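Protein chains: 2
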Amino acid sequence: LKLTLNKDRLNESIQHVSKAVSNRTTIPILSGIKLEASPSGVTLTASDTDISIQSFIPIQENEQTIVQLEHPGSVVVPGRLFTEIIRRMPSDQVEIGVDDHFRISIRSGSSELELVGMDPEEFPLLPKLEENNTFSVQSEVLKSMIRNTIFAVSTNESSPILTGILWTLNEQKFKFVATDRHRLSTCERIIEADPQHALHNIVISGANLSELQKLLPDQETMIDIVAADNQVLFKMGSILFFTRILDGTFPDTSKIIPKTFAAEIVVNAKQFTDAMERAYLLSREEKTKIVKLTSIGNNKIEIFSSLSEIGKITDQVDVLRMEGDPVKISFNSRYMLDALKSIDSENIHIGFTGPMSPFVIRPEDSEALLHLILPYRTAN
Amino acid sequence: LKLTLNKDRLNESIQHVSKAVSNRTTIPILSGIKLEASPSGVTLTASDTDISIQSFIPIQENEQTIVQLEHPGSVVVPGRLFTEIIRRMPSDQVEIGVDDHFRISIRSGSSELELVGMDPEEFPLLPKLEENNTFSVQSEVLKSMIRNTIFAVSTNESSPILTGILWTLNEQKFKFVATDRHRLSTCERIIEADPQHALHNIVISGANLSELQKLLPDQETMIDIVAADNQVLFKMGSILFFTRILDGTFPDTSKIIPKTFAAEIVVNAKQFTDAMERAYLLSREEKTKIVKLTSIGNNKIEIFSSLSEIGKITDQVDVLRMEGDPVKISFNSRYMLDALKSIDSENIHIGFTGPMSPFVIRPEDSEALLHLILPYRTAN
Chain A
1 LKLTLNKDRL NESIQHVSKA VSNRTTIPIL SGIKLEASPS GVTLTASDTD ISIQSFIPIQ
61 ENEQTIVQLE HPGSVVVPGR LFTEIIRRMP SDQVEIGVDD HFRISIRSGS SELELVGMDP
121 EEFPLLPKLE ENNTFSVQSE VLKSMIRNTI FAVSTNESSP ILTGILWTLN EQKFKFVATD
181 RHRLSTCERI IEADPQHALH NIVISGANLS ELQKLLPDQE TMIDIVAADN QVLFKMGSIL
241 FFTRILDGTF PDTSKIIPKT FAAEIVVNAK QFTDAMERAY LLSREEKTKI VKLTSIGNNK
301 IEIFSSLSEI GKITDQVDVL RMEGDPVKIS FNSRYMLDAL KSIDSENIHI GFTGPMSPFV
361 IRPEDSEALL HLILPYRTAN
Chain B
1 LKLTLNKDRL NESIQHVSKA VSNRTTIPIL SGIKLEASPS GVTLTASDTD ISIQSFIPIQ
61 ENEQTIVQLE HPGSVVVPGR LFTEIIRRMP SDQVEIGVDD HFRISIRSGS SELELVGMDP
121 EEFPLLPKLE ENNTFSVQSE VLKSMIRNTI FAVSTNESSP ILTGILWTLN EQKFKFVATD
181 RHRLSTCERI IEADPQHALH NIVISGANLS ELQKLLPDQE TMIDIVAADN QVLFKMGSIL
241 FFTRILDGTF PDTSKIIPKT FAAEIVVNAK QFTDAMERAY LLSREEKTKI VKLTSIGNNK
301 IEIFSSLSEI GKITDQVDVL RMEGDPVKIS FNSRYMLDAL KSIDSENIHI GFTGPMSPFV
361 IRPEDSEALL HLILPYRTAN
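For the protein sequence lines, the chains are A and B, in the order given.
Just so you know, we're using this note's numbering here: the first sequence kicks off at 1 and counts up by one.
Just so you know, we're using this note's numbering here: the second sequence kicks off at 1 and counts up by one.
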C-alpha cells in the first residue's frame, strides 16, 4: 500500500469509524482500524463485533483529488494512536506506506513516523446483507424516535433483550418500544415504505443506537436501512453502520397500555416539569425517588416529596383540564422527568387508571408518542 | 431570621461560596452554608477549613432593593441541596424564614419547602487578619502568575510544602516559585506596592489557588491581598477568599537556576509545541514520557520518541538562532508541554548547560517567566 491523501478528509473518516474501535485489549486486532486502498478510493473499517462502521474516501470528491494512489493494499493501523497522530500532522497532505511485514510509514511535512501494523486478513469481515430487505427513513425521524424511547431501556444485563429497543414495521407504521419493566416508552411514525415491507421482533441494543445517533446527519437526509437475520445496516452517504440484533423475544407489551382512564389531566409542560425537577431534588437520594401527586379540587395538583432528616417540598401546578376521579398517586420522579424531557409539546396529557395501576403520559395533541409508568405502592 | 430577596443575586452569591462547601461528611456543619442577615445585608459563608469564602449581598445595589429584611438572624443551610433548590425556584423572589429550632422555610411562587438547618454557633469563625499587611495586585496579573506556575507544583503529599506555590515580595518584585523536584517554574512581576512591604516564605496550596483563580474577575480589577501569619485573604469586591498558608520552609531554589549556558536555541513556539505534542503521543504510555532533542548542524533540531512494539516518530524543527555546543538531551515531554503552554510569546528561548544538567525554557523576549527541567539520564 502506498498513497498520499488529504489530511482533513482522512480525519473525518477516522472520526466516523472511531466509535466502533474496541477499547478492550483482549482481541488486539479489534483495537485497530482497517485501511484498504483500491483504485476507487480508501475504505476505513472498525469493529468491536457488536457494531461495525465503515467510511469510504473516494479518489475524487467535488472535482478535487482526495487520494493519490500509488499501490493498492491494506493494513490494520493501531486505532487510538493513528487517530491522534493524523489529527496532529503538520501538513494538509499525509503520505502512508506499508511494507510486506505490515510496517507502516507515515510522512507529513517534517514529521516521519513508523508504526507496527497488523495483518488485515485477521480483521473480521463485515456481514453481507441481502439488500432486498431495504427501507428508508428520514434522519430526523430516526433521531427523534431513538431519543423518545432510549432512556426506558433496561440497564440490567440479566434480561439482555430489554437492553434493546424493539422495532416493528407494519403497513408503513414504524414503531419503537422500550421497557425496563417499571416503565415503557413507545413512539410510532408513518413512513413512506412499501406497505408490504414488514419487520418483526427486531431488537437493537440501546447503547448501539446511541452510537448510531451521533453519526446521523442533521439534515433531512434519507437513511437506508437493511434488516437481515441478525444484523441491521444503516447507510448514511459514505458511512455504513452495522449493528447486531439482540437474541431473544421481546415481551408482548401491547395489552399493558390502557385505552381508557379513571382520571385525565392536562398540564403545561414547562410548569409541570419545573415542579417535578424541584421534587426530584428531595427524592433523588433514595433508590425509589418517590414523589406524590395529588389533585386538589378540579384545577390544581400538588406535588410533594420529602427526605427524612433533611426536609420536604410542596409545589402546586395549575391544571388546564381535568376529568374523572380525584388523583392520589406515588411514582419514581426520575421516570417522570425522563418522559417529560422527550416531549416537545406545550401541554402534557396524563391518564390515570388507579393508584396501583400504570398511568400514561403523552403530548396533549398526539398519541404517536406515549410513556407508561408503574406507580409505587405506598402505605399512605 | 425572616427575609425576602432577589433569587438571581442569591444564586450568584451561592456560586461564589460553593467552592468552599466541604464534600466530606465527617464534619456535617462544613457541608453547609452559613446565612447571616443583618440590617446592612446578607452574608453567605462556606468553609472546608482549608479555604473559606464569604460573599455579601447588600440591602440595596444600584439603587435597587435586593433584600427585604423582616428579622435579622442566622442559620446554616445544607449546602448542595440549598444551591440546587434556589436555582430552581419558580419566582424571581425567594422568602426565607428560620424558627428557633433552625427549621428553615423557603417560599417562592407556588413552591414551599421546609429544610432542617444547623446551629450557626457551630460554624467555624473566619480568621481576623491584621489589615496593615495589605497590598494590591491586578486581577489579570495574579491570574497569569498562577497559570504560569501552578502546573509545576508537586502532587506528592509526602512533601506537603511542594504542593504549594512560594510567594515572595521584595522591593515591589512579586515572585512565584513552584517545583516538584523534577522541574521548576517561576514568574516575576513588578507591582505598585509600598517598596517597604515584603513577603517571605508564604506558600499557598496549588489546589487552593486553582479555586481562587475561578473567582478572580476578568476585568482589570485590583485585588487586595492581606497576608497574616497562617492565612492569606483575597478581597474581590463583595467576595472574601481566605486560604491557609502551608506549614514548613520552601527549599531555596535561587542557586539552581543557571545564568550561563553551554548552548542556546531560539525556536518558533507553535512549530516546536506541535512537534512536541506529536512526540508526546508515542511517549505518554511510559511514566518517564521521554523524548530526545538533538541539534542537526546550526539550523535544525530533531525531536524523537519511540514506544517499543508500537513505533517511533521523528520531527524536524527549524531553529531561528543557535549558539554554543551541539545539543543532545532527553527529557519528560509532559514537563516541556506544560512549560510551553504557559508561554504566550511567538518565540521560545531554551538554554542548555549539558546533557545531564537542568535546562531553561523562557519567552525569547523576557526573563520574567522561566521554566527549568531536569533532563532524563539515558544510556544512549
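Ideal Cβ placement from N, Cα and C applies to all residues, glycine included.
As the structure is a computational prediction, the values presented were derived from the model and not from experiment.
Integer Cβ distance of residue i from residue j, believed to fall under 8 Å
| i | j | result |
| --- | --- | --- |
| residue 264(B) | residue 351(B) | 5 Å |
| residue 52(A) | residue 120(A) | Contact flag wrong, Cβ pair sits at about 14 Å. |
| residue 177(B) | residue 163(B) | Incorrect: roughly 13 Å between the Cβ atoms, too far for contact. |
| residue 137(A) | residue 174(A) | 7 Å |
| residue 336(A) | residue 373(A) | 7 Å |
Residue i: CB within 7 Å of a non-hydrogen atom of the ligand FMN
| i | result |
| --- | --- |
| residue 180(A) | With respect to the ligand FMN, the structure shown offers nothing to examine, as it has no ligands at all. |
Three-state secondary structure assigned by DSSP to residue i
| i | result |
| --- | --- |
| residue 273(B) | helix |
| residue 16(B) | helix |
| residue 224(A) | strand |
| residue 260(A) | coil |
| residue 362(A) | strand |
| residue 141(B) | helix |
| residue 339(A) | helix |
| residue 7(B) | helix |
| residue 171(B) | coil |
| residue 1(B) | coil |
| residue 384(A) | Residue coverage of chain A in this structure runs from 1 to 380, which leaves residue 384(A) outside it and unanswerable. |
| residue 178(A) | strand |
| residue 85(A) | helix |
| residue 147(A) | helix |
| residue 163(B) | helix |
| residue 368(A) | coil |
| residue 298(A) | coil |
| residue 334(B) | helix |
| residue 122(A) | helix |
| residue 117(B) | coil |
| residue 208(B) | helix |
| residue 191(A) | coil |
| residue 29(A) | helix |
| residue 198(B) | coil |
| residue 183(B) | strand |
Distance CB(residue i)-CB(residue j) smaller than 8 Å
| i | j | result |
| --- | --- | --- |
| residue 281(A) | residue 306(A) | no |
| residue 218(A) | residue 235(A) | no |
| residue 115(B) | residue 141(B) | no |
| residue 421(B) | residue 362(B) | This structure leaves residue 421(B) out entirely; chain B is present only between 1 and 380. |
| residue 111(B) | residue 93(B) | no |
| residue 90(A) | residue 318(B) | no |
| residue 1(A) | residue 98(A) | yes |
| residue 353(B) | residue 228(B) | no |
| residue 57(B) | residue 69(B) | no |
| residue 394(B) | residue 33(B) | The first residue shown for chain B is 1 and the last is 380, placing residue 394(B) beyond what the model contains. |
| residue 279(B) | residue 315(B) | yes |
| residue 313(B) | residue 35(A) | no |
| residue 233(B) | residue 205(B) | no |
| residue 366(A) | residue 148(A) | no |
| residue 384(A) | residue 329(A) | This structure does not reach residue 384(A), given that chain A is present from 1 up to 380, and the question cannot be answered. |
| residue 106(A) | residue 96(A) | yes |
| residue 31(A) | residue 44(A) | no |
Review point. Given a limit of 7 Å on CB to CB distance, which residues of the stretch 74–89 of chain A reach chain B?
Key: Within the stretch 74–89 of chain A, the residues whose Cβ lies closer than 7 Å to some Cβ of chain B are 78, 81, 84, 85 and 88, listed in chain order.
Check your understanding: Along the stretch 90–113 of chain B, what residues have a CB closer than 8 Å to any CB found in chain A?
Key -> Of all residues in the stretch 90–113 of chain B, those with a C-beta nearer than 8 Å to a C-beta of chain A are 90, 104, 110, 111, 112 and 113, reading in chain order.
Check your understanding: Any contact of the stretch 266–278 of chain B with the stretch 339–353 of chain B, i.e. 3+ C-beta pairs under 8 Å?
Key -> Contact between the stretch 266–278 of chain B and the stretch 339–353 of chain B is present, because at least three Cβ pairs lie under 8 Å.
Point to revise | Residues of the stretch 295–316 of chain B whose Cβ lies closer than 7 Å to any Cβ of chain A, in chain order | key: Within the stretch 295–316 of chain B, the residues whose Cβ lies closer than 7 Å to some Cβ of chain A are 309, 310, 311, 312, 313, 314, 315 and 316, listed in chain order.
Check your understanding: Any residues in the stretch 258–278 of chain B with a beta carbon nearer than 9 Å to a beta carbon of chain A? Which ones, in chain order?
Key -> Listed in sequence order: 271, 274, 275, 277 and 278.
Practice item. Pull out every residue of the stretch 114–128 of chain A whose Cβ sits closer than 8 Å to any Cβ of chain B, in chain order. Key: So the list reads 114, 115 and 116, given in the order they occur along the chain.
Check your understanding: Are the stretch 228–246 of chain B and the stretch 128–135 of chain B touching by the rule of at least three beta carbon pairs closer than 8 Å?
Key -> With a cut-off of 8 Å on Cβ pairs, the stretch 228–246 of chain B is in contact with the stretch 128–135 of chain B, counting three or more such pairs.
Review point. Any chance the stretch 180–195 of chain B sits against the stretch 245–259 of chain B, with 3 or more Cβ pairs inside 8 Å?
Key: Output reads yes: the stretch 245–259 of chain B touches the stretch 180–195 of chain B.
Check your understanding: When you check each C-beta in the stretch 278–290 of chain A against every C-beta of chain B, which residues fall closer than 8 Å?
Key -> Going along the stretch 278–290 of chain A in chain order, one finds 278, 281 and 282 with a Cβ nearer than 8 Å to chain B.
Review point. At a cut of 8 Å, does the stretch 165–173 of chain B reach the stretch 200–208 of chain B through at least three beta carbon pairs?
Key: The stretch 165–173 of chain B vs the stretch 200–208 of chain B: in contact.
Exercise for review: Would you check if the stretch 9–22 of chain A and the stretch 38–51 of chain A touch, i.e. whether three or more CB-CB distances between them fall below 8 Å?
Suggested key: Judged by pairs of C-beta atoms under 8 Å, the stretch 38–51 of chain A touches the stretch 9–22 of chain A, as three or more such pairs exist.
Check your understanding: Can you find at least 3 beta carbon pairs, one from the stretch 283–301 of chain B and one from the stretch 314–334 of chain B, that sit closer than 8 Å?
Key -> Yes: the two stretches touch, three or more of their Cβ pairs being nearer than 8 Å.
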